[in-house]
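Okay, structure first, notes after.
Number of protein chains: 2
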Amino acid sequence: MVPDAQPFDLAPGFTATAVACGLKSGGALDLALIAAGHPCAAAGVFTTNRVKAAPVLYDQEVLGRGAGDIRAVIANAGCANACTGAPGMAATRRTAELVAASLGCAPGQVLVLSTGVIGRPLDMDKVARGVAALTSAASLRGAAAASRAILTTDTRPKTASADLALGGRPVAIRGFAKGAGMIHPHMATMLAVLTTDAALTPAALETALRSAVGRSFNRVSVDGDMSTNDTVLLLASGAAAAPPDALEAAAFTAALTGACVSLAKQIARDGEGATRLVEIAVSGAASEAEAHTVADSIARSPLVKTAVHGGDPNWGRVLAAAGCSGAPIDPARLTLAFGAGGEAVTLVQGGLPVGYDERAASALLKRDPVRIGLDLGRGEARATVWTCDFSAEYVAINAHYTT
Amino acid sequence: MVPDAQPFDLAPGFTATAVACGLKSGGALDLALIAAGHPCAAAGVFTTNRVKAAPVLYDQEVLGRGAGDIRAVIANAGCANACTGAPGMAATRRTAELVAASLGCAPGQVLVLSTGVIGRPLDMDKVARGVAALTSAASLRGAAAASRAILTTDTRPKTASADLALGGRPVAIRGFAKGAGMIHPHMATMLAVLTTDAALTPAALETALRSAVGRSFNRVSVDGDMSTNDTVLLLASGAAAAPPDALEAAAFTAALTGACVSLAKQIARDGEGATRLVEIAVSGAASEAEAHTVADSIARSPLVKTAVHGGDPNWGRVLAAAGCSGAPIDPARLTLAFGAGGEAVTLVQGGLPVGYDERAASALLKRDPVRIGLDLGRGEARATVWTCDFSAEYVAINAHYTT
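And the structure:
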């Protein structure tokens, strides 16, 4: 049973509502509508998978035509509408038309998100009834309900907020996300919608979003798989302030990055079967890209993730994963520690094991979050990647997903 | 309990023997010696991991000095002698010296293999007693014993043989391997020793071995991890025939490839926690490299491997894994089938699901081996990768490996 989300609002200028339309079983919420009071600027970052779901292709088309007058995002869980060909694309267009008719805007002002099983047709009877219900008294109002409606194998809703001042006026960033499996850099079976009342052009939004995604959602790995449906949307109502200058834009990007990192960590923490969040911090790299490459290789390693699960300080697996990352590391310069701050335990220095307390090292792997720090001794750059431990429950969840 | 290997001999000119020296617990065989009656030609292919175990660095040094007069291979399981620095390299050299003294040859004529836990020192007292015992009456004679001594988490020995004629005379290829975890293209925690009585120069052996490894051991994935110790050695006694001509050399490479493919499939079949072998055959690619890239991406996907484990025909995961391989595939040209020959079930044509019998598709995922065939519709090239299903037992094995 998914717990209720904490009370949570979107940024001023946006409302959300959700219903159960039958795409999920058991009467669970599965259709969410995020609506803007006025046409707003939008930006999106999408999966780089060659196999893209219909809503991804559709949203890219909508945003490519001009992203200055978006009115709504409609999101369903329970069906990914991927590998569904022309009928799938028609279903996505029809969904947007239904929402547009209900809100009194053009279909090209509606963005669509889907997540769930690949290769099954979207049941348009259910979606049509759901869209009608979204505007009725039967709908569950509020972003907390919407954040629950988009979940699939997630065990909890994921929300984040950040606040800053632009032009001397307060600005809010509020968003939510889903994702628990098929999670890997360059996104995941992951949807996120972020809203703000800042006044930014679509181009400025896109710049900020790409930067934020690069250091948040693209630094999460649950299982190394990349989905057909990954989408992060950012909508700006402009209700709060005048367009920011360059300095303020940087502050906005930093605040947005903070909100995205929070969502990304919540996704990793809620990885299918996961019992704890694992933070892989690589430092001393020649470049940030190199640090990311090494951290990613460690985060992808099932042997590292199972060792963390068992609290087994099998540090050789961490070094082996770093060594096969493709980065030109020098084993003799590696320093490896578990934990952070005063409680950190150094296991390896100069590539060799040092005398350490095995019980203390094991205990640090049983904390939540687990912190694994690897210094490459090659430079000053660093990157952090978030993943989770790997349990037998992951297999149980995924061995019978469609059947 | 590891079952006994079937009676098995190395190629003429080679003998093998094994003892239990205490590196493994419970009195299991853990030290194997493969000896050549006369100095022989040798070639090796090694891990590309930047973190290389001492025996890998040592063997590369020995073969680099000239690989025409090798007399023996000493192999231990239970300790990888990786991340052990200068003392680890000294232990490897000392192991070779002990074997050389016992056989009456130079240390530079002895190759060394190690597999087991990373980062622990090799117990040289045990190795020294073991080497002495290998030449005593207490040792277990025969390649079958040696093939058991090198195992770690393997559940069964892995042996292969191939026969051909060179210059009108019969030639044998005989080998064995170990490997069950940390198995991924560009090798694995995988050791293999192949012997032949063919008369080939070290350079010709290396050419044949690189070609064979490229289409066998480098096409296996259990968990995407790459080890610090991977080594495949090929020794040629030259007892059988005169050096082959170019046509015969090609026949030798083909026979060697067959033996290596057999060992590679045995390794995938015996993947940690695996219940069946999975063969990913990608066809219709623009190049063999492209086919390999796509097949590898599918074989690495935990979502595909857990679906196979559960007999869940969740074909969307196969397409999603192909789509994020990096290869420029066109979703609209994909054809996907489970099974082979007359029993094959086509699930996807032109990128879209076709009407298929879900029960039949599920049944094909419960066969051993499982065959997944994906045609890219882009060209004529093909490649096959072998992996295994992914069970909860994998997690159980790896959560407490060192503790």
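Chains as they are written, first to last, in my numbering: chain A, 7 to 409; chain B, 7 to 409.
By construction, the Cβ of each residue, glycine as well, lies at the ideal position given by its N, Cα and C atoms.
Computed from a predicted model, the values in this text were never measured in an experiment.
For the beta strand (DSSP E) containing residue i, list its first residue and its last residue.
{"i": "Ile-76 (chain A)", "result": "76-85"}
{"i": "Cys-46 (chain A)", "result": "37-52"}
{"i": "Leu-197 (chain A)", "result": "197-202"}
{"i": "Cys-266 (chain A)", "result": "Counting along the chain, Cys-266 (chain A) falls outside any beta strand (DSSP E), though it belongs to the alpha helix (DSSP H) covering 252-275."}
{"i": "Ser-436 (chain B)", "result": "With chain B represented from 7 up to 409, any question about residue 436 (chain B) goes unanswered, as that position is not in the structure."}
{"i": "Arg-306 (chain B)", "result": "No beta strand (DSSP E) holds Arg-306 (chain B); the alpha helix (DSSP H) holding it covers 294-306."}
{"i": "Arg-365 (chain B)", "result": "Premise fails: Arg-365 (chain B) lies in the alpha helix (DSSP H), 364-370, not in any beta strand (DSSP E)."}
{"i": "Leu-240 (chain B)", "result": "237-242"}
{"i": "Val-57 (chain A)", "result": "No beta strand (DSSP E) holds Val-57 (chain A); DSSP gives it neither H nor E."}
Output the distance between the C-alpha atoms of residue i and residue j, rounded to the nearest integer angstrom.
{"i": "Val-105 (chain A)", "j": "Ala-152 (chain A)", "result": "16 Å"}
{"i": "Ala-265 (chain B)", "j": "Ala-366 (chain B)", "result": "33 Å"}
{"i": "Pro-18 (chain A)", "j": "Ala-78 (chain A)", "result": "14 Å"}
{"i": "Arg-384 (chain A)", "j": "Thr-341 (chain A)", "result": "11 Å"}
{"i": "Leu-358 (chain A)", "j": "Ala-86 (chain A)", "result": "47 Å"}
{"i": "Asn-82 (chain A)", "j": "Ala-343 (chain B)", "result": "29 Å"}
{"i": "Gly-148 (chain A)", "j": "Val-25 (chain A)", "result": "11 Å"}
{"i": "Ile-76 (chain A)", "j": "Gly-329 (chain A)", "result": "46 Å"}
{"i": "Ala-280 (chain B)", "j": "His-315 (chain B)", "result": "8 Å"}
{"i": "Leu-29 (chain B)", "j": "Gly-84 (chain B)", "result": "5 Å"}
{"i": "Ala-248 (chain B)", "j": "Thr-201 (chain B)", "result": "17 Å"}
{"i": "Arg-126 (chain A)", "j": "Ser-293 (chain B)", "result": "31 Å"}
{"i": "Ser-471 (chain A)", "j": "Gln-66 (chain B)", "result": "The structure shown does not extend to residue 471 (chain A), since chain A spans only 7 to 409, so no value can be given for it."}
{"i": "Arg-99 (chain B)", "j": "Gly-91 (chain B)", "result": "13 Å"}
{"i": "Val-376 (chain A)", "j": "Ala-405 (chain B)", "result": "15 Å"}
{"i": "Ser-222 (chain A)", "j": "Ala-270 (chain A)", "result": "6 Å"}
{"i": "Cys-27 (chain B)", "j": "Val-133 (chain B)", "result": "6 Å"}
{"i": "Pro-319 (chain B)", "j": "Thr-23 (chain A)", "result": "35 Å"}
{"i": "Ala-144 (chain B)", "j": "Gly-114 (chain B)", "result": "27 Å"}
{"i": "Ala-194 (chain B)", "j": "Phe-52 (chain B)", "result": "With a pLDDT of 41 at Ala-194 (chain B), under the threshold of 50, the modelled position of this residue cannot be trusted; read the value that follows with caution. Rounded to the nearest angstrom, the two C-alpha atoms are 10 Å apart."}
{"i": "Thr-409 (chain A)", "j": "Pro-61 (chain A)", "result": "With a pLDDT of only 49 at Thr-409 (chain A), under the threshold of 50, the placement of this residue in the model should not be trusted, and no figure is reported."}
{"i": "Ala-305 (chain B)", "j": "Ile-124 (chain A)", "result": "19 Å"}
{"i": "Asp-276 (chain A)", "j": "Ala-402 (chain B)", "result": "21 Å"}
{"i": "Arg-323 (chain A)", "j": "Gly-173 (chain A)", "result": "50 Å"}
{"i": "Gln-355 (chain B)", "j": "Gly-348 (chain B)", "result": "17 Å"}
{"i": "Gly-290 (chain A)", "j": "Val-267 (chain A)", "result": "22 Å"}
{"i": "Ala-156 (chain A)", "j": "Leu-370 (chain B)", "result": "Strictly speaking, residue 156 (chain A) in this sequence is Ile, with Ala absent from that position. Cα-Cα distance, rounded: 33 Å."}
{"i": "Thr-352 (chain B)", "j": "Arg-339 (chain B)", "result": "14 Å"}
{"i": "Tyr-362 (chain B)", "j": "Arg-373 (chain B)", "result": "18 Å"}
{"i": "Ala-48 (chain A)", "j": "Asn-55 (chain A)", "result": "22 Å"}
Tell me, which residues are paired with residue i by DSSP?
{"i": "Pro-176 (chain A)", "result": "A:Ala-171"}
{"i": "Asp-160 (chain B)", "result": "Answer is none; Asp-160 (chain B) lacks a bridge partner."}
{"i": "Lys-132 (chain A)", "result": "According to DSSP, which records beta bridges pairwise, Lys-132 (chain A) is partnered with nothing at all."}
{"i": "Lys-184 (chain B)", "result": "B:Leu-197"}
{"i": "Ile-378 (chain A)", "result": "A:Ile-286, A:Phe-344"}
{"i": "Trp-432 (chain B)", "result": "An answer regarding residue 432 (chain B) cannot be provided, because it is not within the stretch 7 to 409 covered by chain B."}
{"i": "Thr-165 (chain B)", "result": "B:Phe-182"}
{"i": "Arg-221 (chain A)", "result": "Answer is none; Arg-221 (chain A) lacks a bridge partner."}
{"i": "Leu-146 (chain B)", "result": "B:Ala-24"}
{"i": "Ala-291 (chain B)", "result": "B:Ala-387"}
{"i": "Val-314 (chain A)", "result": "Answer is none; Val-314 (chain A) lacks a bridge partner."}
Could you work out which residues of chain A lie near residue i, taking near to mean beta carbons separated by less than 7 Å?
{"i": "Phe-396 (chain B)", "result": "Val-401"}
{"i": "Thr-315 (chain B)", "result": "Residue identity check: residue 315 (chain B) is His in the sequence provided, not Thr. Those are Val-401, Ala-405, listed as they occur along chain A."}
Who are the neighbours of residue i on chain A, taking C-beta pairs under 8 Å?
{"i": "Val-123 (chain B)", "result": "Asn-320, Gly-322"}
{"i": "Leu-39 (chain B)", "result": "Per Cβ cutoff of 8 Å: no residues; Leu-39 (chain B) is ~26 Å from chain A at best."}
{"i": "Leu-358 (chain B)", "result": "Cys-89, Thr-90, Gly-91"}
Identify the continuous alpha helix (DSSP H) that holds residue i and give its terminal residues.
{"i": "Thr-23 (chain A)", "result": "Careful: Thr-23 (chain A) lies outside any alpha helix (DSSP H), inside the beta strand (DSSP E) at 20-25."}
{"i": "Leu-16 (chain A)", "result": "Segment: none, Leu-16 (chain A) is in no alpha helix (DSSP H) and carries neither H nor E."}
{"i": "Val-105 (chain B)", "result": "91-109"}
{"i": "Leu-206 (chain B)", "result": "Looking at the DSSP string, Leu-206 (chain B) is not in any alpha helix (DSSP H), and its letter there is neither H nor E."}
{"i": "Val-68 (chain A)", "result": "60-70"}
For a contact defined as C-beta to C-beta under 9 Å, what are the partners of residue i on chain B?
{"i": "Ile-335 (chain A)", "result": "Arg-56, Val-57"}
Check your understanding: Three or more beta-carbon pairs under 8 Å between the region 25-40 of chain B and the region 159-166 of chain B, yes or no?
Key -> no
Practice item. Quick one: which residues of the region 239-258 of chain B get their C-beta closer than 7 Å to a C-beta of chain D? List them in chain order. Key: The structure shown contains no chain D; its protein chains are A and B.
Review point. Taking one C-beta from the region 299-317 of chain A and one from the region 387-402 of chain A each time, how about it: are there three or more such pairs within less than 8 Å?
Key: yes
Practice item. Indicate whether the contact test is met: 3 or more Cβ pairs, each with one atom in the region 208-228 of chain B and one in the region 124-139 of chain B, closer than 8 Å. Key: no
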